[in-house]
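Student:
Residue numbers (this note's numbering), protein chains in the order written: chain A, 1 to 138; chain B, 139 to 543.
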């Protein structure tokens, strides 16, 4: 199976690899996946006082598509408000990266990581965690 | 001079040796006859070529030429041996013993046998990939007709103790079949010394062409027969009908001859390169060799790079280095290697494995390049791996409640 140029580009030059201070109140962390499944994503957002995501970082254990999905997600997150970020859909990632059906789960994982990071941020700041519907594709 | 891309997937298939191709070419054009045509020179020269190749192949495994049954490859050989014995010896019993690390061509054939009223025992292997001989003997019962154990494993290269297995099989009057695809032409295999009654192997794993293989079927002590799985003209002593693939057989014969003459030297050279590759890669921390290292093919090593996912790792260099991984993502099933899991490896380590299969055309420059590329990619991906970060912070990964999906 050949990878799309965009996946290869994100794999070779991943954007926003790194770690934010997870104990900070402004930082939300989402850790999803499992080593046994071959994918673990950790996605972090740093939110400013106006509710805008001013930084996002990731670290991913997984295949090239998983790395590319999380790299792309961090790019999309930066500059968005938390409310806007909630609406990022895994199918947008699939489309942007041209993921084949067997790699759709990588995009689902990225979407789950975004939601988990947002909820972590919300709970830290005294807000209720949003209940998301179970993603369908796994 | 470094030649790219580097091919280190020789357990999957090997390049056809140019000397093999040269031997084959006349049998596509001038000598295109059907080996079964008895009444003209085209048939005679084809038959002569087939007879000669049969001798070359028999010599490689210490067999008699009459004991070589040509097939399309080892998958067919596996099917013919197991189904053929099951049907031929139905009056003696219906029980077959095999192991969980066998190739799918054996395992799926055994599943078929179970659906056809047979009984199959799947032996677990030890942590190093070897079967337990006591367990094997303990599994034999009155109805056991066949033991099917591979000579050497395709993923980890571990060599089973065929001679000891054959002693047990003989003692209990049970036939021994071996899928020897990875071993024949790479290490000395002798059906008489090893006590093997049926053995499947194929040309394309030993620098011959694809689409041609052989099933060795013992003719004396004991005389073994298998029920044909395909009806037709009764070729190959009635065990495998179908017009013989003469160019393929000629190439197979030449490949067998070259292997017989060059095996020792190839093995010596490749084991030095393999050892260099392995020891250099093992100097990276949290890296593990999978399978027994003493009973192993000289050109194979299988290594897990903890906290890095195999397919992601391959992507770092797969434009220039051809390798395969036990990672789920490289297979359609999304399940990691069942062979590595049978050794007791956790899914995480199975996902993190690479299989290196060196071959006749592998050079030292290519091994040096591979060491550098793999090392750089492992280090780069670990910087990107949340598991590596946690490991470095002393967090026990087993203490985390992972969201299994």
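We put the CB at the ideal spot given by N, CA and C, even for glycine.
In chain order, what residues of the segment 116–130 of chain A put their CB closer than 8 Å to some CB of chain D?
Tutor: Protein chains in the displayed structure are A and B, and chain D is not among them.
Student: Quick check on residue 533(B): does DSSP put it in helix, strand or coil?
Tutor: Locating residue 533(B) in the second chain gives position 395, counting from the first residue. In the structure shown, residue 533(B) sits in coil (DSSP, three-state: anything other than H, G, I, E or B).
Student: Quick one: which residues of the segment 485–513 of chain B get their C-beta closer than 7 Å to a C-beta of chain A? List them in chain order.
Tutor: So the close ones are 485, 486 and 489.
Student: I'd like to know whether the C-beta of residue 74(A) is nearer than 9 Å to at least one C-beta of chain B.
Tutor: For the purposes of this step, residue 74(A) is taken as residue 74 along the first chain, with counting starting at 1. It does not: the Cβ of residue 74(A) has no partner Cβ on chain B nearer than 9 Å.
Student: Assuming residue 285(B) and residue 303(B) form a contact by the criterion Cβ under 8 Å, report the distance between their Cβ atoms to the nearest whole angstrom.
Tutor: Working through the second chain from its first residue, we reach residue 285(B) at position 147. Working through the second chain from its first residue, we reach residue 303(B) at position 165. Contact flag correct, Cβ pair sits at about 7 Å.
Student: Specify the secondary structure class of residue 339(B) as computed by DSSP and reduced to three states.
Tutor: Mapped onto the second chain, residue 339(B) falls at position 201. If DSSP states are grouped into helix, strand and coil, residue 339(B) belongs with the strands.
Student: Unbroken beta strand (DSSP E) runs of length 3 or more, entirely within the segment 185–233 of chain B: which are they?
Tutor: Entirely contained in the segment 185–233 of chain B, the beta strand (DSSP E) runs reaching 3 residues are, in chain order, 206–209.
Student: For a cutoff of 9 Å on Cβ pairs, would you count residue 112(A) as touching chain B?
Tutor: As a working mapping, residue 112(A) is identified with position 112 in the first chain. Yes, its Cβ sits closer than 9 Å to a Cβ of chain B.
Student: Any chance the segment 164–173 of chain B sits against the segment 368–386 of chain B, with 3 or more Cβ pairs inside 8 Å?
Tutor: Yes, the segment 164–173 of chain B is in contact with the segment 368–386 of chain B.
Student: Would the beta-carbon of residue 212(B) fall within 9 Å of that of residue 315(B)?
Tutor: The residue given as residue 212(B) occupies position 74 in the second chain. The residue given as residue 315(B) occupies position 177 in the second chain. No, Cβ-Cβ distance for residue 212(B) and residue 315(B) is not below 9 Å.
Student: Run the CB neighbour count on residue 548(B), radius 10 Å, all protein chains shown included, and call it buried at 16 or more, exposed below.
Tutor: Residue 548(B) lies beyond the residue range present for chain B, which begins at 139 and ends at 543; the question has no answer from this structure.
Student: Using a Cβ-Cβ cut-off of 9 Å, state whether residue 62(A) counts as contacting chain B.
Tutor: In the first chain, counting from the first residue as 1, residue 62(A) sits at position 62. True, the Cβ-Cβ gap to chain B drops below 9 Å.
Student: Can you confirm whether residue 523(B), when its beta carbon is compared against all beta carbons of chain A, has any partner nearer than 9 Å?
Tutor: On the second chain, residue 523(B) is found 385 positions in, with the first residue counted as 1. True, the Cβ-Cβ gap to chain A drops below 9 Å.
Student: What are the start and end residues of the beta strand (DSSP E) that includes residue 512(B)?
Tutor: Reading the second chain from its first residue, position 374 is the one you call residue 512(B). Run containing residue 512(B): none in the beta strand (DSSP E); it sits in the alpha helix (DSSP H), 502–522.
Student: Between which two residues does the beta strand (DSSP E) containing residue 31(A) stretch?
Tutor: Numbered from its first residue, the first chain carries residue 31(A) at position 31. It spans 27–34 - the beta strand (DSSP E) in which residue 31(A) sits, taken as one unbroken run.
Student: Give, in chain order, every unbroken run of the alpha helix (DSSP H) that is at least 4 residues long and sits entirely within the segment 382–432 of chain B.
Tutor: The qualifying runs are 384–420.
Student: If I follow the unbroken beta strand (DSSP E) through residue 491(B), where does it start and stop?
Tutor: Numbered from its first residue, the second chain carries residue 491(B) at position 353. That run of the beta strand (DSSP E) goes 491–495.
Student: Taking just the CA atoms, how far does residue 159(B) sit from residue 11(A)?
Tutor: Here residue 11(A) corresponds to residue number 11 of the first chain, with the count starting at 1. Here residue 159(B) corresponds to residue number 21 of the second chain, with the count starting at 1. The straight-line gap from Cα to Cα measures roughly 40 Å.
Student: Residue 535(B) touches chain A at which residues, Cβ-Cβ below 8 Å?
Tutor: As a working mapping, residue 535(B) is identified with position 397 in the second chain. Chain A residues near residue 535(B): 35.
Student: Mind checking the segment 14–32 of chain A against chain B and listing, in chain order, the residues whose C-beta falls within less than 8 Å of any C-beta there?
Tutor: Under the 8 Å Cβ criterion, the segment 14–32 of chain A contributes 14, 17, 19, 31 and 32.
Student: Measuring only the C-alpha atoms, how far is residue 357(B) from residue 275(B)?
Tutor: Numbered from its first residue, the second chain carries residue 357(B) at position 219. Numbered from its first residue, the second chain carries residue 275(B) at position 137. Roughly 25 Å separates the two Cα atoms.
Student: Looking at the C-beta of residue 39(A), does it have a partner C-beta in chain B at a distance below 9 Å?
Tutor: Translated into positions along the first chain, residue 39(A) becomes position 39. Judged by the 9 Å Cβ criterion, residue 39(A) is in contact with chain B.
Student: Determine the direct distance from the alpha carbon of residue 31(A) to that of residue 42(A), and round the result to whole angstroms.
Tutor: Along the first chain, one-based indexing puts residue 42(A) at 42. Along the first chain, one-based indexing puts residue 31(A) at 31. Straight-line Cα distance between these residues: approximately 4 Å.
Student: Going by other Cβ atoms of all chains shown within 10 Å of its Cβ, with 16 needed for buried, is residue 136(A) buried or exposed?
Tutor: Residue mapping note: residue 136(A) aligns to position 136 of the first chain, counting from 1. Legend: pLDDT at residue 136(A) = 49, less than 50; position of this residue unreliable, no value from coordinates given.
Student: Which residue's Cα is closest to the Cα of residue 519(B): 496(B), 268(B) and 450(B)?
Tutor: Within the second chain, the letter at position 381 stands for residue 519(B). Ranking 496(B), 268(B) and 450(B) by Cα distance to residue 519(B) puts 450(B) first.
Student: Please report whether the beta-carbon of residue 474(B) lies at a distance below 9 Å from any beta-carbon of chain A.
Tutor: Along the second chain, read from residue 1 onward, the residue named residue 474(B) stands at position 336. Chain A contact via Cβ: present.
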